[in-house]
Amino acid sequence: TATDALLELRDLHVSYGKTAALHGVTLSVRPGEVVALLGANGAGKTTTLRAISGLLKPTRGEILFDGASIGGVAADRIVARGIAQCPEERHVWPAMTVDENLAMGAYLCRSAAEVDRRKAAVYERFPRLKERHRQLAGTLSGGEQQMLAIGRALMSEPTLLLLDEPSLGLSPRMADEVFDVVREIKGNGVTVVLVEQNVHNALDVASRAYVFETGRVVASRDCESLRNDPELLGAYLGA
Ligand code: ATP
12 TATDALLELR
22 DLHVSYGKTA
32 ALHGVTLSVR
42 PGEVVALLGA
52 NGAGKTTTLR
62 AISGLLKPTR
72 GEILFDGASI
82 GGVAADRIVA
92 RGIAQCPEER
102 HVWPAMTVDE
112 NLAMGAYLCR
122 SAAEVDRRKA
132 AVYERFPRLK
142 ERHRQLAGTL
152 SGGEQQMLAI
162 GRALMSEPTL
172 LLLDEPSLGL
182 SPRMADEVFD
192 VVREIKGNGV
202 TVVLVEQNVH
212 NALDVASRAY
222 VFETGRVVAS
232 RDCESLRNDP
242 ELLGAYLGA
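Going by the UniProt record's numbering, the sequence shown opens with residue 12, and the numbers climb by one from there.
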């Protein structure tokens with residue numbers, strides 16, 4: 012029911028200029044869940060994340076987070092409410108060190124001691140980043156940059172983490188590591204919305220999935236049943 016949800020999208024419409032990208036997306040995420048958004052390129056998954064994180068303003072419909080309406084609220088206010096987005100293609104700041112990139116993730120935090128405490132927590136989770144804390148982010152491997160982007164998002168201590176294609180361009184081994192991290196994040200009680208091209212990895216880590224096609228949700232299933240539905244997987248996901 013509505014009251015159980017941490018995040019709820021109701022009939023969400025989003026446009027880029029005159030071009031509509033989302034045509035009435037409705038979905039909900041309960042606290043502590045990992046929910047996957049699946050679908051072909053251009054189906055509207057990234058647009059959905061960008062609307063939730065305040066980077067795009069809905070033209071119609073509602074976004075409810077923790078009971079409050081956040082549609083159209085500025086991105087920094089949304090971070091302050093407990094939502095962090097880890098964008099596609101990572102976007103770490105290449106000319107800044109690992110340490111500086113992490114600090115930027117806590118830019119709303121005014122206490123230096125608190126920033127240090129959060130950094131220490133991220134370094135504990137990502138020892139590889141700790142070893143490289145003075146290294147420029149642009150010189151990290153793709154997998155390390157992805158870890159850094161996730162670590163930076165965690166620096167705001169979000170209730171809800173939005174992950175956009177975290178395994179994109181990574182080797183299978185690095186992708187596995189990223190998904191291990193997602194499981195750990197879930198284990199710590201953080202709710203996750205995951206956009207992922209690798210359907211099998213997504214279905215392994217998530218409990219439920221929404222399948223998107225051309226700006227609409229065409230299926231909403233628990234991952235177990237989706238895994239056993241080759242017809243649906245084939246039709247929308249090419250898997
Ligand atoms: P991908 O995996 O390729 O990112 P997606 O499911 O995340 O796919 P979106 O990126 O949300 O899809 O794109 C949804 C629709 O919005 C597509 O038709 C896309 O061309 C369009 N779109 C996305 N970004 C923009 C933009 N900045 N300007 C105009 N149209 C855009």
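Every residue, glycine too, gets a C-beta built ideally from N, C-alpha and C.
Quick caveat, the model's predicted, so the values are computed rather than measured.
Problem set entry | Environment of ligand 1 in chain order, Cβ to heavy atom below 5 Å | Answer in sequence order: 27, 32, 52, 53, 54, 55, 56, 57, 58.
Does the Cβ-Cβ distance between residue 49 and residue 171 come in under 8 Å? Not a contact, by the Cβ cut-off of 8 Å.
For this session: Go through its chain and collect everything with a Cβ distance to residue 84's Cβ below 6 Å, but skip five positions before and after it.
Result: Cβ contact annotation for residue 84 (same chain, cutoff 6 Å, sequence separation greater than five): 65, in chain order.
Any non-hydrogen atom of ligand 2 within 7 Å of residue 168 CB: With respect to ligand 2, the structure offers nothing, as its ligand set consists of ligand 1.
| query | Taking Cβ to Cβ, would you say residue 140 is nearer than 8 Å to residue 162? | reply | In this structure, residue 140 places its C-beta atom within 8 Å of the C-beta atom of residue 162.
For this session: Check whether the Cβ atoms of residue 24 and residue 69 lie closer than 8 Å to each other.
Result: Yes, they are a contact pair.
Where does the unbroken beta strand (DSSP E) through residue 76 begin, and where does it stop? Its beta strand (DSSP E) spans residues 71-76.
- Answer yes if the region 220-240 comes into contact with the region 38-57, meaning at least three C-beta pairs across the two stretches below 8 Å, and no otherwise. With a cut-off of 8 Å, the region 220-240 and the region 38-57 count as touching, because enough Cβ pairs lie within range.
request  = With DSSP collapsed to three states, give me the class of residue 51.
outcome  = Coil at residue 51, not helix or strand.
**Prompt:** Roughly how many whole angstroms lie between the Cα atoms of residue 20 and residue 75?
**Reply:** Answer to the nearest angstrom: the Cα atoms are 6 Å apart.
- [ ] Identify whether residue 165 lies in helix, strand or coil by the three-state DSSP scheme.
- [x] The three-state secondary structure of residue 165, taken from DSSP, is helix.
*asked:* Less than 7 Å between C-beta atoms, sequence neighbours within five positions excluded: which residues of the same chain meet that for residue 41?
replied: Closer than 7 Å at Cβ, skipping near neighbours: 15, 16, 17.
Review point. What are the residues that DSSP puts in a beta bridge with residue 19?
Key: Note: residue 19 sits in a beta bridge opposite 39, 75.
Range of the contiguous alpha helix (DSSP H) that encloses residue 87:
Here the alpha helix (DSSP H) through residue 87 covers 86-92.
* Exposed or buried, which one is residue 175 when buried takes at least 16 other CB atoms within 10 Å? -> By the 10 Å Cβ count, residue 175 comes out buried.
How far does the beta strand (DSSP E) with residue 228 in it reach, from first residue to last?
227-233 is the extent of the beta strand (DSSP E) around residue 228.
Q. Going by other Cβ atoms of all chains shown within 10 Å of its Cβ, with 16 needed for buried, is residue 82 buried or exposed?
A. It is buried - the Cβ of residue 82 has at least 16 other Cβ atoms within 10 Å.
query: Does the distance from the C-beta atom of residue 157 to that of residue 177 stay below 8 Å?
result: The Cβ-Cβ distance between residue 157 and residue 177 falls below 8 Å.
What is the rounded straight-line gap between the Cα of residue 99 and the Cα of residue 189? Spanning the two alpha carbons is a distance of roughly 14 Å.
Should residue 86 and residue 167 be called a contact, given that it needs their Cβ atoms to be closer than 8 Å?
With contacts defined as CB atoms closer than 8 Å, residue 86 and residue 167 fail to qualify as a contacting pair.
*Assign residue 39 to buried or exposed, taking buried as 16 or more other Cβ atoms, counted over all protein chains shown, within 10 Å of its Cβ.*
Its Cβ being crowded by 16 or more others within 10 Å, residue 39 is buried.
Beta-carbon within less than 8 Å of residue 231's beta-carbon, same chain only, minus the 5 sequence neighbours each way: which residues are those?
Same-chain partners within the cutoff: 38, 219, 220, 221, 222.
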